[in-house]
Amino acid sequence: MSEKRRALEVNKVIGGAIRKHYQDVQQNRPLAYALLAPDPMIELCYAAGIQPAFPENYACVCAARKVSGRFCEVAENNRLLPDLCSYMRTAVGSWFAREVEKLPMGGLPEPDFLVYTTSACVTYYKWWDLYRFYFNKPLIYVNTPRIMDEIEDYYVDFTMKEIQRAIGELEKFLGKKIPDEKIAEVVKYSDQLVEYWHKMLELQKTVPAPAGLNDISNILFLLVALPGTKEAVDIAKQAYEEMRERADKKIGNVSDEKHRLMWLNIPMWYNLGLTNYFEDRGCAIPISDYTNYIWGVPRLDKPDPIESLAIKALKGELNESVEYYIDWMLRDIKEYKLDGVVIHSNRSCKVLSVGLLDAAKIVRETYDIPVLIIESDHTDDRAYSDAEVKTRIDAFIESLG
Amino acid sequence: MSEALSKFDQVVANAPQYIKDFKAKTGKKVVGFLDTLAPAELVHAAGAHPMRMFPFSKEPVTVGDTYLQSFLCSYVRSTWDQALKGMYDYVDGVVIPTSCEVVRFLYQTWRRVNPCNWVVSVVIPFKKEDYVVNEFFIKELERLKAGLEKNLGTSITDDSLKKSLEVFNRNRDLMKKVYEMRKSESPPITGTEAFKMVFASMICDKDEHSSLVEKLIEEVRDRKAMPDAKVRLMLVGGCVSDPAVIEMIEDTGAIVVIDDLTVGTQYFWENADLFKPPMEALARRYLSLRHPANTSGEDRAKFIADMVKEYRVDGVVYVFTKYCESHRFDYPILETRLKEEKGISTTLIEVEHIVDLAPLRTRVEAFVESLK
Numbered sequence: 132m133s134e135k136r137r138a139l140e141v142n143k144v145i146g147g148a149i150r151k152h153y154q155d156v157q158q159n160r161p162l163a164y165a166l167l168a169p170d171p172m173i174e175l176c177y178a179a180g181i182q183p184a185f186p187e188n189y190a191c192v193c194a195a196r197k198v199s200g201r202f203c204e205v206a207e208n209n210r211l212l213p214d215l216c217s218y219m220r221t222a223v224g225s226w227f228a229r230e231v232e233k234l235p236m237g238g239l240p241e242p243d244f245l246v247y248t249t250s251a252c253v254t255y256y257k258w259w260d261l262y263r264f265y266f267n268k269p270l271i272y273v274n275t276p277r278i279m280d281e282i283e284d285y286y287v288d289f290t291m292k293e294i295q296r297a298i299g300e301l302e303k304f305l306g307k308k309i310p311d312e313k314i315a316e317v318v319k320y321s322d323q324l325v326e327y328w329h330k331m332l333e334l335q336k337t338v339p340a341p342a343g344l345n346d347i348s349n350i351l352f353l354l355v356a357l358p359g360t361k362e363a364v365d366i367a368k369q370a371y372e373e374m375r376e377r378a379d380k381k382i383g384n385v386s387d388e389k390h391r392l393m394w395l396n397i398p399m400w401y402n403l404g405l406t407n408y409f410e411d412r413g414c415a416i417p418i419s420d421y422t423n424y425i426w427g428v429p430r431l432d433k434p435d436p437i438e439s440l441a442i443k444a445l446k447g448e449l450n451e452s453v454e455y456y457i458d459w460m461l462r463d464i465k466e467y468k469l470d471g472v473v474i475h476s477n478r479s480c481k482v483l484s485v486g487l488l489d490a491a492k493i494v495r496e497t498y499d500i501p502v503l504i505i506e507s508d509h510t511d512d513r514a515y516s517d518a519e520v521k522t523r524i525d526a527f528i529e530s531l532g
Numbered sequence: 294m295s296e297a298l299s300k301f302d303q304v305v306a307n308a309p310q311y312i313k314d315f316k317a318k319t320g321k322k323v324v325g326f327l328d329t330l331a332p333a334e335l336v337h338a339a340g341a342h343p344m345r346m347f348p349f350s351k352e353p354v355t356v357g358d359t360y361l362q363s364f365l366c367s368y369v370r371s372t373w374d375q376a377l378k379g380m381y382d383y384v385d386g387v388v389i390p391t392s393c394e395v396v397r398f399l400y401q402t403w404r405r406v407n408p409c410n411w412v413v414s415v416v417i418p419f420k421k422e423d424y425v426v427n428e429f430f431i432k433e434l435e436r437l438k439a440g441l442e443k444n445l446g447t448s449i450t451d452d453s454l455k456k457s458l459e460v461f462n463r464n465r466d467l468m469k470k471v472y473e474m475r476k477s478e479s480p481p482i483t484g485t486e487a488f489k490m491v492f493a494s495m496i497c498d499k500d501e502h503s504s505l506v507e508k509l510i511e512e513v514r515d516r517k518a519m520p521d522a523k524v525r526l527m528l529v530g531g532c533v534s535d536p537a538v539i540e541m542i543e544d545t546g547a548i549v550v551i552d553d554l555t556v557g558t559q560y561f562w563e564n565a566d567l568f569k570p571p572m573e574a575l576a577r578r579y580l581s582l583r584h585p586a587n588t589s590g591e592d593r594a595k596f597i598a599d600m601v602k603e604y605r606v607d608g609v610v611y612v613f614t615k616y617c618e619s620h621r622f623d624y625p626i627l628e629t630r631l632k633e634e635k636g637i638s639t640t641l642i643e644v645e646h647i648v649d650l651a652p653l654r655t656r657v658e659a660f661v662e663s664l665k
């Protein structure tokens, strides 16, 4: 590891959890494909003894192994048109390539059914519609109303009924009841995880920031893939304690922290080294919209666990509005003592790219701090130009003073 | 030429002028809507005039570029650009439904920048099951109704909504009659003319439009629009708002006889059930639309296959909007169900609001040639 940055020790534990997750995916049945935006179906899967698998996360794995571009190409050769979400093209491409390629982590096995919640993009609806077509397997999903203005009471009521209906459908599929106390237990674990998560995000306000963007994104795996499990709470506790200790001792992820930045949009999973490039030049990235806003989920501590799950699904940047997120950005630029913003204008993620230019404009007007916009893609590396991006980053860092 | 068709021509060629004249004549307020999923009947029931906001000008996107990236749908980008430039100065307010992601997220920016006086939203569910109507959608339509009443300073009653549903149903029935006539061996109107009729329906006063469609039915009863056309096409796709695209396709000598387009059956095919209470009828009608953002690819494939049979279609041309996820996602399903399983010939062209039609024409020409 570079002397200029110190990754958290807990990363090793999380790495183990990721490997174990992929082993479980290979071994456990029934297997449900699920999606990653704040989604109560994951907790319900764990409550019901169903193994969830995450094609989006699998696409990240493929990107990290530098095979996502190839799988995108395979998908395009199978009628998936370019510019569609590259998570989808990578995951679907890997499925088409399964008989001729050695897939990372052994690939994702065929699911027994499909679950998701409509709390993110239309892509989710269309992607799972496509999987239903490919696999001809049952689809169980929760329709959360989009939040265009305010959360109305009937949005919460409807989402709660949707979750109850999904429980009924899962029970029918499994042929057994999911005990209420089991649901209460997973929601309790999920809440404990979120509580630690909030504390960790809060610690990132410390100067120097105890964790780097890659550390925090790694910890996020617990929230996206393992919510409702005790294992996730235990690891989160360990992560929090390590960050707490660092914050107390003023040990930063970047040993010589000169600047503090916000990252907007999904990281480029095929080039996580780009974060290191910033960090090696004294720029800490204590906050991102991905970790803090999309996953700025509220506590799950309502008396009724179903209501907690409903609120989790409804509240999140992807189901809400960019409007909130611009307000949050303006608040956090102060609270996290930031002196610049890096925006990844992400070609194949429309939902996270609409509004970014507006956000950049408002930040510049409000705080007069530099904003760097990099146009690229989260998983498809074929159009990424490392040299060009780094030249622009160098100029940006210079402008930070 | 048919009087009705030339009126549609005029409206399509200069929709803003039609609206301005209409406004001056009637004193009605004009409410723009951004997608077929916006329940326009509610606007009509409030005594205002609903109008689909297309990017009426071919002016390149300039101001809008500072908000929306070039890899987003060009129709939405152009509409937003033209709103910022004050080109919808005759619009009193706007309704934005949750359709695609670009429109959904643009709503927030629209609300802050507010280029057309006021804007209200409506959340469209993904699920279409019966329970969604009462548990969610009627309540959401009530929210939209309250927003419209507040901004328009009028009230929408069950009676006024019922009347509006009748007015819209009549218009839809009449357009369906015209479409029915296109099943004939030698259709009385071209696809371009049908497109202009539907486009005009999204702009014009409904009663006026219905009278024109009635007139059209009489005028073209014995007409053969393209007597030499040997190839019958169906168009499938998104927000194409420029009749030049359809014209280019028919310039190859083929005739478009049916469609699954925004300016087409996606807009008017489904009627409201007038035996139901008006808000419920409205909710059910808007849940029944075949909008790609909340319709499964299988259901779309089924509709298209049925139409291919009913209208004796020789080939399907997908006219997809570049960067439009909802339509593009359905492509593998449509190709499997239509081409592989039913042997229907298909081809794909991609369009943008401002597009060079010449290379697309070459592609369509080759396709039509292969169908002869």
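Protein chains in written order, with the numbering used here: chain H, 132 to 532; chain B, 294 to 665.
Backbone N, C-alpha and C define an ideal beta-carbon position, used for all residues, glycine too.
Keep in mind that this is a model prediction, so the values were computed, not measured.
How would you label H/MET132, buried or exposed, when you count the other beta carbons within 10 angstroms and need 16 or more for buried? Residue confidence for H/MET132 is low, a pLDDT of 48 falling below 50, so the modelled location carries little weight; the figure read from the coordinates is stated next. With fewer than 16 Cβ atoms within 10 Å of its Cβ, H/MET132 is classed as exposed.
Give the straight-line distance between the Cα atoms of H/LEU332 and B/TYR472, rounded to the nearest whole angstrom. 59 Å
Using a Cβ cut-off of 9 Å, pull out every chain B residue sitting near H/VAL472, in sequence order please. Residues of chain B passing the Cβ test: none, with the nearest at roughly 16 Å.
Host alpha helix (DSSP H) of B/MET600 (start-end): 590 to 603
Establish whether the CB of H/LYS308 and some CB of chain B are separated by less than 8 Å. no
Give the interface partners of H/ASP489 over in chain B, defined as CB-CB distance under 7 Å, in chain order. TYR360, THR402
By a C-beta neighbour count over all protein chains shown, 10 Å radius and 16 as the cutoff for buried, is H/GLY180 buried or exposed? exposed
Going by alpha carbons, who is nearest to H/ASP379 out of H/SER507, H/GLU187, H/VAL338? H/VAL338
Given that a residue counts as buried once 16 or more other Cβ atoms are within 10 Å of its Cβ, and exposed if not, what is H/ALA514? exposed
Between B/ARG656, B/ILE539, B/VAL506, B/SER477, which lies nearest to B/LYS602 when the distance is taken from Cα to Cα? B/SER477
Pull up the DSSP beta-bridge partners for H/TRP394, would you. H/SER419, H/VAL473
Listed from N- to C-terminal order along the chain, which residues in the stretch 630 to 661 of chain B have their beta-carbon within a distance smaller than 7 Å of any beta-carbon of chain H? none
Pop quiz: H/ALA228 and H/VAL205 are said to be a contact at Cβ under 8 Å. What is the actual Cβ separation, rounded to whole angstroms? 5 Å
Applying the criterion that 16 or more other CB atoms from any shown protein chain within 10 Å of the CB defines a buried residue, is H/LYS443 buried or exposed? buried
Limits of the beta strand (DSSP E) - the one that B/PRO343 falls within: 342 to 345
Are the Cβ atoms of B/THR483 and B/GLU573 separated by less than 8 Å? no
8 Å Cβ cut-off: residues of chain B touching H/THR254: GLU394, GLU618, PHE622
Beta-carbon within less than 6 Å of B/SER367's beta-carbon, same chain only, minus the 5 sequence neighbours each way: which residues are those? GLU645, HIS646
Would you kindly work out how many angstroms separate the C-alpha atoms of H/ALA533 and H/VAL364, rounded to a whole number? Lying outside 132 to 532, the shown extent of chain H, residue 533 of chain H is not represented and no answer is given.
Beta-carbon neighbours of H/ARG513, restricted to chain B and to distances below 7 Å: Correct list: empty, because the minimum Cβ distance to chain B is about 15 Å.
Could you tell me the distance, in whole angstroms, from the CA atom of B/LEU582 to the CA atom of H/GLU134? 59 Å
Host alpha helix (DSSP H) of B/ARG748 (start-end): Any question about residue 748 of chain B goes unanswered here, given that chain B covers just 294 to 665.
To the nearest angstrom, how far is the alpha carbon of B/ALA333 from that of B/LYS322? 13 Å
Selected residue, minimal CA-CA separation from H/VAL472, among H/SER452, H/VAL494, H/VAL482, H/SER199: H/VAL494
Where B/GLN401 falls, given that 16 or more other Cβ within 10 Å makes a residue buried: buried
In whole angstroms, what separates the C-alpha of H/PHE527 from that of H/ASP499? 14 Å
Straight-line CA distance for B/ASP553 to H/GLY427? 40 Å
Neighbour flag for H/TYR285 against chain B, beta carbons, 8 Å: yes
Measure the C-alpha to C-alpha separation of B/ARG404 and H/ASN402 and round it to an integer number of angstroms. 36 Å
Nearest residue (CA-CA) to H/TYR265, options H/TYR272, H/ALA297, H/SER348, H/PRO242: H/PRO242
Which runs of the alpha helix (DSSP H) fall wholly inside the stretch 457 to 506 of chain H and span at least 4 residues, in chain order? 481 to 484, 487 to 498
Please name the residues in the stretch 417 to 429 of chain B whose beta-carbon is closer than 7 Å to at least one beta-carbon of chain H, in chain order. PRO418, PHE419, LYS420, GLU428, PHE429
If you measure between the beta carbons of B/TYR616 and B/LEU365, is that distance less than 8 Å? yes
Short CB-CB distance (under 8 Å) between H/VAL482 and chain B: yes
I need the straight-line Cα distance from H/ARG136 to H/ALA490, nearest angstrom please. 29 Å
Beta carbon proximity, B/SER589 to chain H, threshold 8 Å: yes
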